[in-house]
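Notes follow once the structure below has been shown.
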Amino acid sequence: MKQEYERIQKFLASRGIASRRQIEVWIEEGRLRVNGKPAEIGQRVSGHESFSLDGRTLRVAAEQESPRMVLMYHKPVGEICTRKDEEGRPTVFRRLPRIHQGRWVAIGRLDINTAGLLLFTNDGALANKLMHPSTEIEREYWVRVAGEVNEETLQALRKGMMLEDGFAKFDDIQPLQTLNDDDTQYNRYYSVVLKEGRNREVRRLWEAVGCQVSRLKRIRYGNVSLPKSLPAGKHRLLEPRELSDLMALVRTKPVRDKMPRPR
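Residue numbering for the sequence shown is 1 to 263, as defined by full-length UniProt numbering.
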């Protein structure tokens, strides 16, 4: 039988090792090896090779051996979205449940000072699709800003502007009510929506119009909203219907396997 090969990024992503972009970063940094040699972007593999990351062997499961799962996590301020931190800061991965095969791949990131909804999956290919700019999946944030905000300010944010890494705008801005009238003397609250996830994009847009973000929380990713019943630092799996609805955003055929519970 003829041996089948596929690109290493696609191969490892489909087995829940990481997103394709993250795998490319590992290759560029020389951290990923195949049969003891540095991996190359686009390198074709069959699955019979040995893979290692930072000198540690990667255990690669067969494709779709583990049913697809997506986990929602309520990130508190102060946690970072990397697996390990040289400064010893807490990471979001320390609270996630263990899974039998593969590992959790983050669908996007939030900076250390941003709280709210984070999604994780054991399917790196799905993570890549949900993060890809071409899908234009909405991200909604609640934001508290200090500074003068008038209709001209809001129109500038809706119209968009050039930042150091390209054009950016909010696709929607809506004022939020607050129960603390004293706070509104100094701060303004808004719901903002954008369709990409560049680094600190919400904060940088407000800074570009002379405002400072003092609190930021993501409350929605696509059609998945952060439940009020999920406390900070806690997580839960998406139910089958929630998972199907999310996958429909990227036209991915739903997996109807019975979803196992992580240990």
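Note that the Cβ used here is the ideal one computed from N, Cα and C, for glycine as well. In this text, all values refer to a predicted model and were calculated from it rather than measured experimentally.
DSSP beta-bridge partners of LYS75: GLY116
LEU126, buried or exposed, once every other Cβ within 10 Å from all chains shown has been counted against 16: buried
Same chain only: Cβ atoms within 6 Å of TRP206, ignoring 5 sequence neighbours per side: VAL145, VAL213
Contact check, ILE107 vs LYS195, beta carbons under 9 Å: no
Whole-angstrom C-beta distance between ARG95 and GLY233, which should lie under 8 Å: 6 Å
Proximity of LEU117 and ARG31 at Cβ, strictly below 9 Å: no
DSSP three-state assignment for LYS159, whether helix, strand or coil: helix
Proximity below 9 Å, CB of TYR73 to CB of VAL92: yes
Paired residues, beta bridge with LEU130 - DSSP: DSSP output for LEU130 lists no bridge partner at all.
Same chain, Cβ closer than 6 Å to LYS84, neighbours up to 5 away in sequence not counted: none
Per-residue DSSP class, three states only, for ASP172: strand
TYR190 versus ASN150: straight-line alpha-carbon distance, rounded: 12 Å
Status (buried if at least 16 other CB within 10 Å, exposed otherwise) for ARG198: exposed
GLY42 versus CYS81: straight-line alpha-carbon distance, rounded: 26 Å
Reference TRP142; option with closest CA among GLN174, VAL224, LYS169: GLN174
Simplified DSSP assignment, three categories, for GLN212: strand
Alpha carbon of ILE112 to alpha carbon of GLU4, nearest angstrom: 42 Å
Residues of its chain near LYS10, where Cβ-Cβ distance is below 8 Å and the 5 sequence neighbours each way are ignored: ARG20, ALA125
Cβ neighbours of PRO90 in the same chain (closer than 6 Å, five flanking residues each side left out): GLU79
Cβ separation of ALA156 and VAL70, assumed to be a contact under 8 Å, to the nearest whole Å: The Cβ separation is near 36 Å, so there is no contact.
Expected contact under 8 Å - CB spacing of GLU140 and VAL193 to nearest Å: 5 Å
Residues bridged to ILE107 (per DSSP): LEU119
Residues bridged to ILE80 [DSSP beta-bridge criterion]: THR91
Residue environment, MET162, which counts as buried when at least 16 other CB atoms sit within 10 Å: exposed
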